[in-house]
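Colleague: Chains A and B, in that order, give the protein sequences.
If you read the first sequence in my numbering, its first letter stands for residue 1, the second for the next number, and so on.
If you read the second sequence in my numbering, its first letter stands for residue 1, the second for the next number, and so on.
Beta carbons are placed, not taken as given, at the ideal position from N, Cα and C, and that holds for glycine.
Handing you this structure, nothing more for now.
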Amino acid sequence: MRASSQIRFACHAMVVAAGLLWAAAPAGAQQPIKLGFFGPLTDRFAALGIDAKKGADLAIKLANDAGGVNGRKIELVAYDDRGNRTESIAVVRKMIEQDNVVAIVGGSLSLTSIASAPVANEEKVPMVAAYSNAVGVVKGNDYVFRWASVADVQGWVMAHHAVQERGYKKFALLMQDEEYGRGIINGAEQGLKKLGGEVVYKKAFPPTEREFRAIMTEIKALNVDAVLMSGLGPVLTAGGRQGYEIGVFPKAQLYVGCDLNEADWFTGIGENGDGTIGTLEFITPTDNAITKKFMADYEAAYKEKIITHEAGLAYDATRLIIDAMKRGGVDREGIRKALAETKSFTNLSGVKISYTELREPMLPIALGRWDKASQQIKLMKFVEDPALIDPRPWYQYYK
Amino acid sequence: MNATVLGQQLVNALALGSVYAMIAVGLAMIYGVLRILHIAHAGIYTAGAYLGLLAFRETGNLVIALIVAMTAAALLGALIERFIYRPMLARPRIVALIASIGLFICLSDLFRILAGPHQLAFDVPELAGRYTAGGITVSGIDLVILGGTAAIFVALWFVIRKTSMGFAIRAVAQDVETAKTMGIDVDRSVSRVFMIGSAIAAFGGVAVAILYNAVYTTMGDMIGYKGLALIVIGGFGSISGAVLAAFLLGFAETALTTYMDLPLSREGIAMLMLVLLILIRPQGLLGKA
């Protein structure tokens, strides 16, 4: 045998040996399963994305500690989209094409998720939008699921509670002017129209707004029964605080969306805000053992007691994908199929949730009330009536 | 609209105008002496809020917090002038403008890294009180903003008009070369302008942080853009013009966002005012043609 043949033979032997070693290696030595994540980790909306990533990281850590998926560890491949539509498209494309992720946890805003969801859909990569509430994120994208309520549902639940249970008649609507905020106010407006509530004031404002005194002064003069407001945490905090200072609240009832559950509200509302009602997708604390364990795990991991909207929803969305991997396998199509077949997944508040055919969850809304004394959101009740929480009727408003 | 609501809106507009004036005056002064659009001024305003909060948490005393914030901001302003702008003065002004934008972005990221992404509360219980007269409510922080702005502008007027330092600053603003031939230390005057403007911006940052009970990394963004619009509206480099423009903007925003359903944000209103004024009076309200 010539020298070159000997070298070739040795090389082939090494390749075969390496292959045998790889096949015989314990499961833990296998390549990790790559799960994509994108969200605003820097810039204006960084707090939201960073909290969402905390939730996703914790879910993965707990899953890996428990043995991963059939012995394979899960790895979160996280990218910063800076809350920017163009950037979100770029990072989602990157994680699909270069990192070869099997699924994506959307830890981003409605506006960025709407931009990037079609990319995941075209590439047939299942994506679960953790906290994006705008219909456009999921609608028309067969591989995109949501683990939050449709924004309009929150507005509808607010309107229903205000009219049917409190007997309020006269309303002011304050709308953060982007997809999420518009959705909540659309739900509220349609609901009030249906139930006979009168809207005497409506005002839109940008997500950067912090100055509500002029608006609150005007609302005060109208003697409304309730103000229904959409917006991100800092906006709700500023509006709530200034409304109390001007004297609109608590005479009028303040209703806000799920972003009541933001660190900004907890730290910023101060002596104001008592009695504000929020439409939440989960609530902590509860007496449920699942909630208690989650809160203990979260506090142990991050030394923080406040479980923000984004952290909690991203935690559950990530657990849902991991659960789908276990049920459907770790390939993209298997995960998509398993997600679509989800019938009874327990969220961190201990509520069982199933998916509709539109890949939207039938998610009970937790009506929570801000309690100034304990500086906590207290559970009033879970709204579970399908006529109130069904996301499907709201699709008609988004062509 | 009844008189009470109108009165309340006037108070709201005055407080808003005062806040804008505190950022615009520094920008106008700096433009006046260096002809630089100092975008990073909004970063100093934010730095003032963070430094004030830090000092307040340590001491529990708002006066000390204001002194610390204003002093530190003044030093920061002087450092920026000395080490960033001064070496660039021989180059076209666009170079300094780009450096300023870069510095502002860096400062925002620095705040996020040091203080975290969430907004921080700046709660001063002593200022939480509300005073109502004739149905018009004024909060403690409103009084601090209105009183502080008035005191600062009286002091500024005195310094600029009645002291040798102010004379030097005015001379530099009018003509640098002539000021040099008159024996004025131009570098020192410019440095002082940065210190004064930065200290006023820091006062504004602390006041706004208390007003909204929030300190956050991007709090300077919008007010920074508005500040630039205001110095153009006021007349490039005109301090009194910038102050006048700030109050006009406060009133315009309050009136337009409240009583007209314009599909415009507050920033949009400021920019609309800017465009209209440039068309009608290109030199600005108090600028020279």
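(1) So with Cβ pairs under 8 Å, would you call SER139 of chain B a contact of chain A?
(2) Do you know whose CA, among A:ASP57, A:LYS139, A:LYS305, A:TYR302, lies nearest TYR399 of chain A's CA?
(3) DSSP state of GLY350 of chain A, grouped into three classes?
(4) Counting C-beta neighbours from all protein chains within 10 Å, is the total for GLN164 of chain A 16 or more, i.e. buried, or is it exposed?
(5) Flag PRO250 of chain A as yes if its beta-carbon sits less than 8 Å from any beta-carbon of chain B, otherwise no.
(6) By alpha-carbon positions, which one of A:SER116, A:ASN70, A:LEU62 ends up nearest to PHE37 of chain A?
(7) Apart from the five residues just before and just after GLU449 of chain A, which ones in its own chain have a Cβ nearer than 7 Å to its Cβ?
(8) May I ask you to list, following chain order, the residues of the stretch 46-60 of chain A that have a beta carbon less than 7 Å from some beta carbon of chain B?
(9) How long is the line joining the alpha carbons of PRO26 of chain A and GLU75 of chain A, rounded to whole angstroms?
(10) Below 8 Å between beta carbons: does that hold for GLY243 of chain A and PHE266 of chain A?
(11) Residues in the stretch 180-214 of chain B with C-beta within 8 Å of chain A's C-beta atoms, listed in sequence order?
(12) Specify the secondary structure class of PRO26 of chain A as computed by DSSP and reduced to three states.
(13) Take ALA270 of chain B and list the residues in its own chain whose beta-carbon comes closer than 7 Å to its own, dropping the five residues that flank it on each side.
(14) In or out: VAL193 of chain B buried (at least 16 other Cβ within 10 Å) or exposed?
(15) Considering GLU177 of chain B, what are the terminal residues of the beta strand (DSSP E) in which it resides?
(16) Does SER18 of chain B come within less than 8 Å of chain A when only Cβ atoms are used?
(17) Would you mind telling me which residues of chain B sit closer than 8 Å to THR267 of chain A, beta carbon to beta carbon, in chain order?
(18) Between which two residues does the alpha helix (DSSP H) holding TYR79 of chain A run?
(19) To which residues does DSSP link GLN376 of chain A through a beta bridge?
(20) I want to see whether chain B comes within less than 8 Å of GLY28 of chain A, judged by CB atoms only; does it?
(21) What is the DSSP secondary structure of LEU21 of chain A, counted as helix, strand or coil?
(22) Under 7 Å Cβ-Cβ, which residues of chain B neighbour ASP264 of chain A?
(23) Taking the CB atoms as reference points, tell me whether ILE169 of chain B and VAL33 of chain B lie closer together than 8 Å.
(24) If you follow the alpha helix (DSSP H) that ARG182 of chain A is part of, which residue opens it and which one closes it?
(25) Taking C-alpha atoms, which residue in A:ALA263, A:GLN396, A:ALA338, A:TYR355 lies nearest to LEU120 of chain B?
(26) Of all Cβ atoms in chain B, is any one closer than 8 Å to the Cβ of ILE353 of chain A?
(27) At the level of alpha carbons, what is the spacing between LEU62 of chain A and GLY106 of chain A?
(28) Going by C-alpha to C-alpha distance, which of B:ALA55, B:VAL68, B:LEU10, B:ALA3 sits closest to ILE200 of chain B?
(29) Report the option in A:GLY328, A:ILE389, A:GLY83 whose CA atom is closest to the CA atom of SER110 of chain A.
(30) CB ILE33 of chain A to CB VAL102 of chain A, shorter than 8 Å?
(31) Within the 8 Å Cβ cut-off, does GLU87 of chain A reach chain B?
(32) Name the chain A residues that come within less than 8 Å of THR254 of chain B, Cβ to Cβ?
(33) Is it right to say GLU58 of chain B is buried, meaning 16 or more other beta carbons lie within 10 angstroms of its own, or is it exposed?
(34) Specify the secondary structure class of GLY278 of chain A as computed by DSSP and reduced to three states.
(35) Within its chain, find whatever has a CB closer than 7 Å to the CB of PHE236 of chain B; leave out the 5 residues flanking it on each side and keep chain order.
(36) I'd like to know if VAL144 of chain B contacts chain A, where contact means its C-beta is closer than 8 Å to some C-beta of that chain.
Modeller: On the basis of the coordinates in this document:
(1) Start at 1 with the first residue of the second sequence, and residue 139 of chain B comes out as number 139. Yes, because at least one Cβ of chain A sits closer than 8 Å to the Cβ of SER139 of chain B.
(2) Position 399 of the first sequence, counted from the first residue, corresponds to residue 399 of chain A. In the sequence on display, residue 399 of chain A carries Lys and not Tyr. It is A:LYS139 whose Cα lies nearest to the Cα of LYS399 of chain A.
(3) Residue mapping note: residue 350 of chain A aligns to position 350 of the first sequence, counting from 1. Taken through DSSP and simplified to helix, strand or coil, GLY350 of chain A comes out as coil.
(4) One-based indexing of the first sequence puts residue 164 of chain A at position 164. That one is exposed.
(5) Taking the first residue of the first sequence as position 1, residue 250 of chain A is located at position 250. With its beta carbon at least 8 Å from every one in chain B, PRO250 of chain A lies outside the interface.
(6) In the first sequence, counting from the first residue as 1, residue 37 of chain A sits at position 37. That would be A:SER116, whose Cα lies nearest to the Cα of PHE37 of chain A.
(7) The structure shown does not extend to residue 449 of chain A, since chain A is modelled only from 1 through 399, so no value can be given for it.
(8) Those would be ALA46, ALA47, ILE50, in chain order.
(9) Taking the first sequence and counting its residues from 1, the one referred to as residue 26 of chain A is at position 26. Taking the first sequence and counting its residues from 1, the one referred to as residue 75 of chain A is at position 75. Note that PRO26 of chain A scores 49 on pLDDT, short of 50, meaning its location in the model is unreliable; the coordinates nonetheless yield the value given after this. The straight-line gap from Cα to Cα measures roughly 18 Å.
(10) Along the first sequence, read from residue 1 onward, the residue named residue 243 of chain A stands at position 243. Along the first sequence, read from residue 1 onward, the residue named residue 266 of chain A stands at position 266. No, these two residues do not count as a Cβ contact at 8 Å.
(11) Taken in chain order, the members of the stretch 180-214 of chain B whose beta-carbon sits within less than 8 Å of a beta-carbon on chain A are TYR212, ASN213, ALA214.
(12) For the purposes of this step, residue 26 of chain A is taken as residue 26 along the first sequence, with counting starting at 1. Low confidence applies to PRO26 of chain A: its pLDDT is 49, below 50, so where it sits in the model is not reliable enough to give any reading.
(13) Along the second sequence, one-based indexing puts residue 270 of chain B at 270. Apart from the 5 residues on each side of it in sequence, ALA270 of chain B sits with its Cβ closer than 7 Å to the Cβ of LYS226, ALA229, LEU249 in its chain, given in chain order.
(14) One-based indexing of the second sequence puts residue 193 of chain B at position 193. By the 10 Å Cβ count, VAL193 of chain B comes out buried.
(15) Within the second sequence, numbered from 1, the residue matching residue 177 of chain B stands at position 177. If you look at GLU177 of chain B, you'll find it isn't in any beta strand (DSSP E); it sits in the alpha helix (DSSP H) that goes 176-181.
(16) The sequence position of residue 18 of chain B within the second sequence is 18, counting from 1. For SER18 of chain B, no CB of chain A lies under 8 Å from its own CB, so it is not counted at the interface with that chain.
(17) Residue 267 of chain A sits at position 267 when you count from the first residue of the first sequence. Correct list: HIS118, GLN119, LEU120, ALA121.
(18) Reading the first sequence from its first residue, position 79 is the one you call residue 79 of chain A. Segment 74-80 is the beta strand (DSSP E) holding TYR79 of chain A; no alpha helix (DSSP H) there.
(19) Here residue 376 of chain A refers to the residue found at position 376 of the first sequence. Partner(s): A:ASP371.
(20) Here residue 28 of chain A refers to the residue found at position 28 of the first sequence. Caution applies to GLY28 of chain A, whose pLDDT of 44 falls short of 50 and renders its modelled position unreliable; the value that the coordinates give is listed next. It does not; no Cβ of chain B falls within 8 Å.
(21) Taking the first residue of the first sequence as 1, we reach residue 21 of chain A at position 21. Low local confidence applies: a pLDDT of 47 at LEU21 of chain A is under 50, so the model's placement there is unreliable, with the coordinate-based value given in what follows. Under the three-state reduction of DSSP output, LEU21 of chain A falls in the helix class.
(22) By one-based count along the first sequence, residue 264 of chain A stands at place 264. Chain B residues near ASP264 of chain A: HIS118, GLN119.
(23) Position 169 of the second sequence, counted from the start, is the residue given in the question as residue 169 of chain B. Position 33 of the second sequence, counted from the start, is the residue given in the question as residue 33 of chain B. It is a contact, given that the beta carbons lie within the stated cut-off.
(24) Numbered from its first residue, the first sequence carries residue 182 of chain A at position 182. Per DSSP, ARG182 of chain A belongs to the alpha helix (DSSP H) from 179-195.
(25) What you label residue 120 of chain B is simply residue 120 of the second sequence in a count that begins at 1. Cα-wise, what sits closest to LEU120 of chain B is A:ALA263.
(26) By 1-based counting over the first sequence, the position of residue 353 of chain A is 353. Cβ-Cβ to chain B under 8 Å: no for ILE353 of chain A.
(27) Within the first sequence, residue 62 of chain A is the residue found at index 62, counting from 1. Within the first sequence, residue 106 of chain A is the residue found at index 106, counting from 1. Taking the straight line from one Cα to the other gives about 19 Å.
(28) Working through the second sequence from its first residue, we reach residue 200 of chain B at position 200. ILE200 of chain B has its Cα closest to that of B:VAL68, out of B:ALA55, B:VAL68, B:LEU10, B:ALA3.
(29) Looking up residue 110 of chain A in the first sequence gives position 110. Per the Cα distances, A:GLY83.
(30) Working through the first sequence from its first residue, we reach residue 33 of chain A at position 33. Working through the first sequence from its first residue, we reach residue 102 of chain A at position 102. Yes; because the gap between Cβ atoms is below 8 Å, this pair is in contact.
(31) Taking the first sequence and counting its residues from 1, the one referred to as residue 87 of chain A is at position 87. Chain B contact via Cβ: absent.
(32) Against the second sequence, residue 254 of chain B aligns to sequence position 254. Under the 8 Å cutoff, chain A gives ALA214.
(33) What you label residue 58 of chain B is simply residue 58 of the second sequence in a count that begins at 1. Burial call: exposed.
(34) Here the question's residue 278 of chain A lines up with position 278 in the first sequence. In the structure shown, GLY278 of chain A sits in a strand (DSSP, three-state: E or B).
(35) Locating residue 236 of chain B in the second sequence gives position 236, where the first residue counts as 1. Excluding residues within five positions, the ones whose Cβ falls inside 7 Å are TYR31, GLY284, GLY287.
(36) Residue numbering aside, residue 144 of chain B sits at position 144 when the second sequence is read from its first letter. Residue-level contact by beta carbon fails for VAL144 of chain B and chain A, as no gap is shorter than 8 Å.
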